[in-house]
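Q: Structure in C-alpha cells, see below.
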Amino acid sequence: MKISSFKERVYAVASKIPRGKVATYGQIARLAGSSGAARAVGLCMKNNPDTKKVPCHRVVASDGSLTGYAYGKGIVTKREMLVREKVKFSQDRVDLGSSLWKTG
DNA sequence: CCACTGACATGAG
DNA sequence: GCTCATGCCAGTG
Numbered sequence: 002m003k004i005s006s007f008k009e010r011v012y013a014v015a016s017k018i019p020r021g022k023v024a025t026y027g028q029i030a031r032l033a034g035s036s037g038a039a040r041a042v043g044l045c046m047k048n049n050p051d052t053k054k055v056p057c058h059r060v061v062a063s064d065g066s067l068t069g070y071a072y073g074k075g076i077v078t079k080r081e082m083l084v085r086e087k088v089k090f091s092q093d094r095v096d097l098g099s100s101l102w103k104t105g
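Each residue of the first sequence is one higher than the last, beginning at 2 in the working numbering.
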C-alpha cells in the first residue's frame, strides 16, 4: 500500500493497534511522523473510511478519556467496544498504565 | 491562497 | 482532581 498523505499514515498506524490495547491521539500523531498533530489525527478518525480496518475506538485522549466516536451511541458504544476487548477501565477513563499500546 | 473548524495536549488557577 | 485558556497540526470551504 502506498502512502500519500498524513491521514494515510494515521490509518496505517491506527490499524496496527493490537486488540485489548489503546493508543493516544498524540502517540499516533508521533508514529505518523507529526508530533503534536493530535487534532489532525482526530479529524482522520472522524473521516474514518473503514471502522473494521481502522479501530478508531481504540484511540483515546492523553489522559485516557473517551472522546468523539461517530458510530453507534458514540462514547457509550466506544466504551463497550474497549470493555469487550478486555481493556482495563477506571470509571469513565481507560487505565493507560496497563492498557496503553506500547509500540516497543 | 486565506480563514475557520476540530474525536487533542499541556499549563495554570 | 477539575475547569479554563492557549498552542499545536491538518482538512475543508
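For each residue, glycine too, the CB sits at the ideal point set by N, CA and C.
Quick one: what's F90 bridged to in DSSP?
A: F90 is bridged to V95.
Q: In this structure, what does DSSP give as the bridge partners for L101?
A: Note: L101 sits in a beta bridge opposite V23.
Q: Less than 8 Å separating the beta-carbons of V14 and S100?
A: Result no, Cβ atoms of V14 and S100 do not sit closer than 8 Å.
Q: Mind the definition here: the region 72-87 touches the region 26-45 only if three or more C-beta pairs lie below 8 Å; say whether that holds.
A: As far as the Cβ criterion goes, the region 72-87 does not touch the region 26-45, which means the pair count is below three.
Q: Taking just the CA atoms, how far does K103 sit from A62?
A: For A62 and K103, the distance between alpha carbons rounds to 15 Å.
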